[in-house]
Structures are given as structure tokens and as C-alpha cells.
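Chains as they are written, first to last, in the numbering used here: chain A, 303 to 414; chain B, 6 to 116.
Report on the following structure.
Structure follows, in C-alpha cells:
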């Protein structure tokens with residue numbers, strides 16, 4: 303059974319204080335690892351897909367990395383608007399239609 | 006490009022009642038999935054529809070059922086509502102070559 307564990311559950315940062323979120327996973331044949339951002343009461347918003355160990359992707363202040371057992375979401379010099387829940391999900395199989403298995407998320411609060 | 010749209014945005018139902026939630030998938034996506042997200046939890050997969058047939062189901066009882074229409078829109082039906090069914094219900098669409106896109110969800114409260 304595919305499993306995703308995210309840590310920490312909650313993270314409070316001062317504006318400009320860089321940090322990392324962790325996503326550990328076990329999956330039978332990884333097709334992709336996904337990071338989503340979710341604002342309160344809204345649906346998840348796609349950030350990144352990583353397909354193989356060693357891959358990295360960046361978007362503004364966010365950088366996602368992948369190893370064979372975990373992924374990190376690095377946040378550099380965060381701003382208050384980065385406050386949200388960050389969800390990690392894995393997808394197995396060989397199709398983009400395979401269901402996602404999510405972790406519980408990390409609630410990030412960035413204080414001005 | 007139109008994203009995933011869901012209706013209604015909020016709903017309050019009484020225990021034992023039935024509810025129908027609706028979803029229009031993103032243009033170009035032929036697969037629709039439904040997820041349940043309880044407060045403080047990650048989304049949990051309910052089921053998926055492709056070509057109007059259910060082709061995958063998570064650990065949810067048969068009182069959760071669905072439909073997909075020829076235009077790829079979809080419905081989620083829940084019968085005999087229980088208090089624990091209170092959650093954010095997310096519709097997602099995808100294709101074989103794209104990532105999964107989510108709607109804004111329907112917040113269901115069962116009282």
C-alpha cells in the first residue's frame with residue numbers, strides 16, 4: 303500500500319527565514335511525486351511534479367527535490383503570502399490517471 | 006482553458022438524507038476523480054470515472070456512488086448521510102499525459 307508521511311505538521315516562520323518541508327514515501331513503482339498548495343477552504347493548487355531521484359524544480363521562492371525515499375520542499379526567504387498548507391502526493395503505475403495518495407500536509411505560517 | 010468547477014460551494018444536510026454534488030472537468034481531460042478531505046487531513050480517494058465507467062475505488066462504502074456524463078462532467082451521490090461524512094469534497098480531472106487538477110470543492114456539513 304502506498305503511503306506518504308509529511309513533517310512537520312505545522313511550521314511557523316518569520317518573514318525571510320528559510321526552511322524545508324519533508325515528504326517521506328513508500329510506493330510500488332513511482333510514476334510521480336506531486337506538491338500542491340492549499341489555501342483554507344480551497345482546492346489544492348498544483349506546484350510541481352518530480353519523476354526521478356535527483357530531479358529538482360523551482361518556482362519563485364520554492365524548490366522541490368526528490369530522492370528514492372523522500373522529497374523536500376525548500377522555501378527561501380518566505381513572505382506572508384506563502385502561508386498555506388502544502389500537500390505531498392505520490393502516483394504509482396504508468397498513467398496520469400492513476401489516483402493520488404496524499405499525506406496530511408504541512409501548515410505553514412509566515413509572520414511579517 | 007477552463008478549470009475544474011464544482012457546485013454547490015457549501016451545503017448543509019441532515020443525517021440520513023441524500024446529497025448530489027456536481028463537477029465540470031477541465032477542458033481536454035477525460036478522467037474525473039472524487040476525493041474526500043476531512044478537517045486537518047489530506048484528500049482521500051473515493052473513486053474515479055473514465056468513459057462513463059467507474060474504473061477505480063478507494064475504501065468507501067457503496068452509499069457513495071457516482072456518474073460521468075458524455076461531456077466528462079460528473080456527479081457524486083451520497084446516500085444515508087452520516088455525521089462523519091462532513092468534509093470538503095474535491096473533484097479532480099486528469100488525462101493520461103497531464104497532472105491532476107482540482108476544483109475548489111464543496112463543503113458538506115451533516116447535522
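C-beta: ideal position from N, C-alpha, C; glycine also.
Within-8 Å CB hit, residue i to chain B
i, result
"residue 351 (chain A)", "yes"
"residue 406 (chain A)", "yes"
"residue 374 (chain A)", "no"
"residue 343 (chain A)", "yes"
Chain A within 8 Å of residue i, Cβ atoms only
i, result
"residue 73 (chain B)", "no"
"residue 27 (chain B)", "no"
"residue 50 (chain B)", "yes"
"residue 68 (chain B)", "no"
"residue 55 (chain B)", "yes"
Chain A residues whose Cβ lies nearer than 9 Å to that of residue i
i, result
"residue 65 (chain B)", "Here the premise fails: no neighbours, minimum Cβ distance about 12 Å."
Contact set between residue i and chain A, taken where Cβ atoms lie within less than 7 Å
i, result
"residue 105 (chain B)", "402"
Residue i beta carbon near the ligand MG (any heavy atom closer than 7 Å)
i, result
"residue 110 (chain B)", "Of ligands this structure carries none, so the ligand MG is not represented either."
Under 8 Å by beta carbon: chain B residues contacting residue i
i, result
"residue 346 (chain A)", "48, 95, 107"
Integer-rounded CB distance, given that residue j should sit under 8 Å from residue i
i, j, result
"residue 351 (chain A)", "residue 334 (chain A)", "5 Å"
Mind listing which residues of the stretch 71-102 of chain B have their C-beta closer than 9 Å to chain A's C-betas, in chain order? Near chain A, meaning a CB-to-CB distance below 9 Å, the residues of the stretch 71-102 of chain B are 93, 95, 96, 97, 99, 100, 101, 102.
Within 8 Å, do at least three Cβ pairs link the stretch 41-60 of chain B to the stretch 78-94 of chain B? yes
Validate contact between the stretch 389-397 of chain A and the stretch 326-337 of chain A using beta carbons, cut 8 Å, 3 pairs: yes
Selection of the stretch 10-44 of chain B by Cβ proximity to chain A, strictly under 7 Å: 36, 38
Mind checking the stretch 382-404 of chain A against chain B and listing, in chain order, the residues whose C-beta falls within less than 7 Å of any C-beta there? 389, 397, 398, 399, 401, 402, 404
Under 8 Å, with one C-beta from each stretch per pair, do the stretch 350-368 of chain A and the stretch 400-413 of chain A reach the 3-pair mark? no
Using 8 Å as the threshold, is the stretch 58-65 of chain B in touch with the stretch 9-18 of chain B, meaning 3 or more CB pairs across them? no
Do the stretch 100-110 of chain B and the stretch 30-38 of chain B touch if we need at least three Cβ pairs shorter than 8 Å? yes
Can at least three beta-carbon pairs, one atom from the stretch 65-85 of chain B and one from the stretch 372-387 of chain A, be found at a separation below 8 Å? The stretch 65-85 of chain B is not in contact with the stretch 372-387 of chain A.
For the stretch 22-36 of chain B against the stretch 365-375 of chain A, are there 3 or more C-beta pairs whose distance is under 8 Å? The stretch 22-36 of chain B makes no contact with the stretch 365-375 of chain A; the number of CB pairs closer than 8 Å stays below 3.
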